[in-house]
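Number of protein chains: 2
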Amino acid sequence: MGEVRSGELPHGYRFAAGYAGIRKVRADDLALMVSDTRAHAAGVFTRNAVRAAPVDSSARFLRETGGVARMLVANAGNANCATPNMWAVAEATARRAASLAGVPHNHVLLASTGVIGEPFGESAIPDALPGLWAGLDRSQFENCARAIMTTDTVPKVRYGSAGTGSTGVRLAGMAKGAGMIMPDMATMLSFLFTDAAIEPGLLQSMLSAAVDRSFNCVTVDSDTSTNDTVFLLANGASGVRIGRGNAGEFQAALDRLTRELAMDIARDGEGASKLAEITVEGTATNREAKTIAMAIANSPLVKTALAGADPNWGRILGAAGKAGIPFNPERADVFVNGVRVCAGGLRAKFDEPSVQRTMEKDEVSIGFRLDGGRPGRAVVWTCDFTQSYISINADYRT
Amino acid sequence: MGEVRSGELPHGYRFAAGYAGIRKVRADDLALMVSDTRAHAAGVFTRNAVRAAPVDSSARFLRETGGVARMLVANAGNANCATPNMWAVAEATARRAASLAGVPHNHVLLASTGVIGEPFGESAIPDALPGLWAGLDRSQFENCARAIMTTDTVPKVRYGSAGTGSTGVRLAGMAKGAGMIMPDMATMLSFLFTDAAIEPGLLQSMLSAAVDRSFNCVTVDSDTSTNDTVFLLANGASGVRIGRGNAGEFQAALDRLTRELAMDIARDGEGASKLAEITVEGTATNREAKTIAMAIANSPLVKTALAGADPNWGRILGAAGKAGIPFNPERADVFVNGVRVCAGGLRAKFDEPSVQRTMEKDEVSIGFRLDGGRPGRAVVWTCDFTQSYISINADYRT
């Protein structure tokens, strides 16, 4: 297939976006994403006790087919959750889309985002699908990313590749952000595509690993919404087969792609003015490090200090302390943008005005390190907590 | 001792408040609370891995004395935490206070609230104590509650009693609120006094039980700050002895007192415009109910909906679902101010404008009920999430 170019879409996919009348404001609210041929597919879903119909349907379809899909249908404006006809909406959507491609209905994966419990007309999506089908085109990838936005301020698309020349494969992904200041129920959707050929079992394990190191590091628990969904399709259009023997480079590319999208989501958190990367080191295990990192990342007091460009290491130390992982504060150092602001649990000597100035920028790094050489390490991302978050969420439905 | 009057302070205690130069703004920042005679004492402390010196000192004193104290010294303006001399500050405070009363230094209980990691002069409190000692008076109880305020907008004091006539005892308590929108590290302090005579072991178990049903129901985990502390002193000045045989009425009075203070804290949460009481019923256990109630109470999406007077039952249902307690959404009902807004996981028929109007008031009740007759039940309190929370916390140190 020739050289892999940077920013190139995976081969063998087409896309379309349109308005199905779901949003109150006239803006694209429906995305159709189709592989030219049968693709292998993997999915990661919310673990919320309350799950939307598209989540349950897609999970069931993947089980029934053993990991095969031909297309994705995603909408914004209505979560298709907790309504009497949510199953009928999902069913009608899958059947209509499948009929256009002449495939079984369970080869259609579904995702929705929007308000929970709002009435959803059963024909809105099916009626709009033929128009989108007719307009499928490779150029519409970013428009699909735009159609699934809710409170996102920018569409999020990323590209990657693995291998070169005749062994090169392409990856591309889109994500729909989320409230994300505190993840809660703000839905996270991400759709990933590659033209590599990968068996469903390996595909699923690679996707699960990548999600754990990316989307699951940008929320307390990316499984908290009723609708959270990540899909990965692999259609083999590159002619390059990835197996357990040569999976490393592809996994690295998939990790990079999902990490970039995860950071895009954090950066575009509701009302966010800056992205924060939080690194915790020196715990016994990676899991302990992640628990502490998440406690820091989710502390409203840390997040508001970030908004105020305040290197408030006391809040960071206190937030770490409440994670439930015992540690000796006298062994704890805190770093802000690489400057040690707390040494051994006490204020370090540092130039506070200069650190404050570095915190005015739109990316801030926080480090929390326990002395003692233990190997546990984790990196998570979050954003600051500003006034806008409140106004966005207090007025969401009105 | 005669009839117990409503709102009466327990006998045998005196109080004083003053300015020790700890706050930047000149306002009382130091409180001295003294029993005329040796009292029995119990304490409940934060479980944060990072604990302030006054917390560790007080816990050690209670162990050393087996639950005896003569006085309490509490300050606002500095947490006395994560500074090189925090132990020296605590030690100097306890020794100076003890010398005034001629008691061992470990009969002095300590509490602090304020910024973590700020320098704290070792003589500030000791130098101010003699002036407070000279001014001790029963009338100064509420002034002490005022001296320990940080971002609280009102002092919080409550009174109670148990028994009548010759078996009557008095209780009184003060609390210092907390960020509390999300409890995190916002310090919660409460000091409770009774003139009943109660042995230390029983006193501690009654206090722990009361805290679990009150202050621990107004936060995810009241043990999250570096400084959270609740003390209960019982000096026996009423001449009435409470033992295991007659503890019921006293426990009920203590529960009521602490619950009222806990609700006062939630009502006065940073930037809060309303108090929300969240009741969960129908789980297998009380613990499951509390886990779900806390997930609802701590959801920023639910809290912002409260601020917007939006009966957004979808957010409540979704927040309940992410608590990690499996349930069938088709058995879930949601109530707002007594009106069923979600029935069996679906929108109920209700008059939305009229429910919205009831949500404009300063108290809102949310109910979440799982059908099926299981006995688990919990009530927790929280407040709404407004713009002011952000400005209070983004600018706290500046």
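So the sequences go chain by chain: A and B.
When we follow our numbering, the leftmost residue of the first sequence carries the number 15, and every step to the right adds one.
When we follow our numbering, the leftmost residue of the second sequence carries the number 15, and every step to the right adds one.
Beta carbons: idealized from backbone N, C-alpha and C, even for Gly.
Just so it is clear, the structure is predicted and the values come from calculations on it, not from any experiment.
Here's a check: name, in chain order, each residue in its chain whose Cβ is nearer than 8 Å to the Cβ of residue i, leaving out the five neighbours to either side.
i	result
L275/A	K170, R172, G187, M188, A189, S204, S228, F229
A106/A	E136, S137, I139, P140
L360/A	none
D151/A	R28, F29, A30
Q154/B	R28, F29, A30, A31
R388/A	G296, T297, A298
Say whether chain E places a C-beta atom closer than 8 Å to the C-beta of residue i.
i	result
W327/A	As a matter of chain content, chain E is missing from the structure shown, whose protein chains are A and B.
In chain order, what residues of the same chain lie with their CB nearer than 6 Å to the CB of residue i, ignoring the 5 residues before and after it?
i	result
T164/A	A90, T127
E22/B	R184
A311/B	I292, V394, T396
H119/A	A108, R109, A112
A104/A	A67, P68, S71, L124
G358/A	E344
G250/A	A211
S402/B	G285
L114/B	W147
In chain B, which residues lie less than 8 Å from residue i when you measure between Cβ atoms?
i	result
P367/A	Residues of chain B passing the Cβ test: none, with the nearest at roughly 12 Å.
L360/A	A96, T97, P98, G131
Since residue i meets chain B, which of its residues come closer than 9 Å, beta carbon to beta carbon?
i	result
I130/A	N326, W327, G328, R329, L331, G332
If we count the other Cβ atoms within 10 Å of its Cβ and call it buried at 16 or more, is residue i buried or exposed?
i	result
L96/A	In the sequence as displayed, the identity of residue 96/A is Ala instead of Leu. Burial call: buried.
N342/A	exposed
M196/B	Because the pLDDT at M196/B is just 44, under 50, the model does not fix this residue reliably, and the point stays unresolved.
K336/A	buried
K304/A	buried
A34/B	buried
G381/A	buried
G366/B	Correcting the residue identity first, residue 366/B is Glu in this sequence and not Gly. Result: exposed.
R160/A	buried
A93/A	buried
R84/B	buried
V168/A	exposed
E302/A	buried
G285/A	buried
S252/B	buried
D242/B	buried
A307/A	buried
D11/B	For residue 11/B there is no data in the structure shown, the boundaries of chain B being 15 and 412.
A392/A	buried
R74/B	exposed
Which residues in the same chain as residue i place their Cβ atom closer than 7 Å to its Cβ, once the five residues preceding and following it in sequence are excluded?
i	result
G32/A	D42, L44, A142, G145, L146
M280/A	The sequence given here has Ala at residue 280/A, not Met. Here the set comprises M194, V232, L289, W395, T396, C397.
V316/A	I310, R329, I330, A333
D166/B	K190, G191, D282
A319/B	N326, R329
R258/A	L216
A261/A	L216, M220
Strictly below 9 Å CB to CB, what residues from chain A border residue i?
i	result
V87/B	In chain order: nothing, as chain A lies at least about 22 Å away.
What does residue i touch in chain A if you count any residue whose Cβ is under 7 Å from its own?
i	result
T240/B	G332, G335
Since residue i contacts residue j with CB under 8 Å, what's their CB separation in whole angstroms?
i	j	result
A290/A	S313/A	Their Cβ separation, rounded to whole angstroms, is 11 Å, which puts A290/A and S313/A out of contact at 8 Å.
N300/A	G390/A	5 Å
N157/B	F134/B	With 8 Å as the limit, N157/B and F134/B do not qualify as a contact, their Cβ atoms being about 23 Å apart.
T240/B	I130/B	6 Å
V369/B	V355/B	7 Å
T79/A	H121/A	6 Å
T208/B	A248/B	5 Å
L271/B	G174/B	4 Å
V82/B	H54/B	6 Å
I256/B	F264/B	5 Å
E377/B	A323/B	That belief does not hold up - the Cβ atoms of E377/B and A323/B are roughly 12 Å apart, past 8 Å.
A224/A	P340/B	Going by Cβ atoms, the distance from A224/A to P340/B rounds to 27 Å, so no, they are not a contact pair.
Chain A contacts made by the region 331-344 of chain B, where a contact means CB separation under 9 Å
If the cut-off is 9 Å between Cβ atoms, the region 331-344 of chain B has L331, G332, A333, A334, G335, K336, A337, G338, I339, P340, F341, N342, P343 near chain A.
Residues from the region 49-73 of chain A in contact with chain B, defined by Cβ distance under 9 Å:
Taking 9 Å as the Cβ-Cβ cut-off against chain B, the residues of the region 49-73 of chain A that qualify are T60, R61, N62, A63, V64, R65.
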